[in-house]
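In my numbering, the protein residues as written are 690 to 906.
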């Protein structure tokens with residue numbers, strides 16, 4: 690126990706990277722995912738085809754491969770040659786990847802709303818933006834919360850992939866201690882950090898589900 694307590698501060702130092710990647714990805718990927726879902730449901734065939742191809746690409750290839758491509762491969766693309774530092778490269782990869790998943794979740798939620806509600810709103814004089822904001826999205830939020838919660842928890846665990854870019858997140862800090870001390874107990878401390886954060890997220894989404902329960906049909 691004394692050893693576990695002694696290595697905890699060093700592992701906790703990795704929280705800065707882990708939480709930064711998690712929060713920035715969530716803040717940017719959620720609105721981007723909503724916009725992509727609306728584009729995919731639009732009447733513009735070019736937009737729906739482009740978004741459909743983008744989602745297929747992001748969901749069909751591993752996140753780790755996307756991280757490695759953006760960090761190592763992007764600088765060698767002709768006429769682009771963008772070289773990003775490790776942290777921005779990780780954020781770009783995570784946001785692009787998770788936006789695709791969120792887009793599909795919100796698309797399913799929007800399509801689950803009966804068409805009659807749009808028609809009723811139109812009869813009442815609601816514009817399309819007002820219909821989406823006041824009528825559709827409150828119901829969509831309730832329906833998509835469980836899958837969004839699952840993706841958010843998966844995102845938290847996926848932040849450990851930044852290890853491939855030598856970023857000092859929780860997992861990399863724990864592994865460095867294991868290699869230094871030849872004691873795998875540090876992995877237990879890292880697991881406890883992830884479990885604590887997962888528990889907190891679960892509580893947040895449980896409260897949100899109760900809040901949106903007022904929209905039960």
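A virtual CB, placed ideally from N, CA and C, is assigned to each residue, including glycine.
Rounded to the nearest angstrom, the gap between the Cα atoms of residue 741 and residue 728 is 9 Å.
Comparing C-alpha distances from residue 724 to each of 897, 857 and 744 shows the shortest one belongs to 744.
The beta carbons of residue 778 and residue 759 sit closer together than 7 Å. Here the region 846 to 853 lies against the region 755 to 775, with 3 or more beta-carbon pairs under 8 Å apart. Look at the region 790 to 842 and you find these whole runs of alpha helix (DSSP H), each 4 residues long or longer: 804 to 812. Nearest neighbour of residue 896 by Cα position, chosen from 838, 769 and 823, turns out to be 838. Here residue 795 is not near residue 825, since their CB atoms are 7 Å or more apart.
Between the region 771 to 787 and the region 711 to 718, the count of C-beta pairs closer than 8 Å reaches three or more; the two stretches touch. Rounded to whole angstroms, residue 870 and residue 736 show a C-alpha spacing of 54 Å.
Excluding the 5 residues flanking it on each side, residue 790 has same chain C-beta neighbours closer than 6 Å at 840, in chain order. Collapsing the DSSP output to three states places residue 859 in a helix. With a threshold of 16 other beta carbon atoms within 10 Å, residue 732 falls short and is exposed. DSSP places residue 768 outside both helix and strand once states are collapsed to three, so it counts as coil. By the criterion of at least three beta-carbon pairs nearer than 8 Å, the region 693 to 705 is in contact with the region 862 to 877.
With respect to residue 860, residue 874 sits apart: the two C-beta atoms are not nearer than 7 Å. In this structure, the beta-carbon distance from residue 788 to residue 721 falls below 7 Å. No Cβ-Cβ contact shorter than 7 Å links residue 878 with residue 704. Here residue 731 carries a coil assignment [DSSP, helix/strand/coil].
By the C-beta density criterion, residue 886 is buried, having at least 16 other C-beta atoms within 10 angstroms. A Cβ-Cβ contact shorter than 7 Å links residue 829 with residue 798. Straight-line measurement puts the Cα of residue 750 at about 16 Å from the Cα of residue 763.
In the structure shown, the three-state DSSP call for residue 762 is helix.
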